[in-house]
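Have a look at the structure below before the remarks.
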Amino acid sequence: MDGNSIQSESFPVSSRKITGTINGASTEVESFSFSDKIMLTVSQGGRLAQWIQVPLSAPSSASVDMALPGAGLSALPSTHLTPKTLVGAGSEERETLAHLYASQIASHLALRDPNEKRALLLGLGLEKVEGGGEAFYDLLELVLQVL
């Protein structure tokens, strides 16, 4: 993965943008921070094919689970995060991968700031459906640079 410098803008909403290479494809990641949502786009070849929403606010029982010792040490997404495809489901494999990415990113946001109540809105436009290995971690690493 080779990334360019991160560009930050503050008007009309706070945004950050970075470009890197994932699976040999130029990948553009951009985040927008609205008062009610954190919008994140991951695009290859200028496309956005799927939109997934993940509410970050947890029911009170999930908040108790998150506060238990060791709850933040798992590499698995938090159990209270429930991604929902809004548009562009595609194949079952593509939807599963999109939900995995959305859950991982939302889990990172929830662990970074337990008081975060906004929803994550994730737009994905990946050329290939490959969720394993290096591509998965490269994409998450690129995303975390703009959050």
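Residue numbers (our numbering): -1 to 145. Even for Gly, the Cβ is constructed at its ideal location relative to N, Cα and C.
Measuring CB to CB, does residue i end up less than 8 Å from residue j?
i, j, result
"G123", "V52", "no"
"E28", "S13", "yes"
"S117", "K15", "Reading off the sequence shown, one finds Ala at residue 117, where the question assumed Ser. Cβ distance not < 8 Å, so A117 and K15 don't count as in contact."
"H106", "P81", "no"
"R92", "V127", "yes"
"L84", "W49", "yes"
"G43", "E125", "yes"
"G88", "A47", "yes"
Which class does residue i belong to by DSSP, given the choice of helix, strand or coil?
i, result
"G88", "coil"
"A103", "Looking at the sequence shown, residue 103 is not Ala but Ile. Here I103 sits in helix by DSSP."
"R116", "coil"
"V144", "helix"
"E128", "coil"
"R45", "coil"
"G70", "Note that G70 scores 48 on pLDDT, short of 50, meaning its location in the model is unreliable; the coordinates nonetheless yield the value given after this. Residue state, collapsed to three classes: helix."
"T80", "coil"
"F30", "strand"
"L38", "strand"
"L122", "strand"
"T17", "strand"
"Q5", "strand"
Check whether the Cβ of residue i lies closer than 7 Å to any heavy atom of the ligand SAM, and answer yes or no.
i, result
"P112", "As presented, the structure is devoid of all ligands, the ligand SAM included, so that no description of it is given."
Of all the options the options, which has the alpha carbon lying nearest to the alpha carbon of residue i?
i, options, result
"F134", "G43, S3, N21 and L84", "N21"
"Y99", "L120, L109, L84 and R110", "L120"
"Q102", "G88, V11, L54 and P10", "L54"
"L95", "G131, L109, Q143 and K115", "G131"
Using 8 Å for Cβ pairs, my map puts residue i next to residue j. What's the rounded Cβ distance?
i, j, result
"V11", "S24", "Contact flag wrong, Cβ pair sits at about 25 Å."
Please confirm whether residue i has its beta-carbon closer than 8 Å to some beta-carbon of chain B.
i, result
"V11", "This model lacks chain B altogether, as it is built from one protein chain only."
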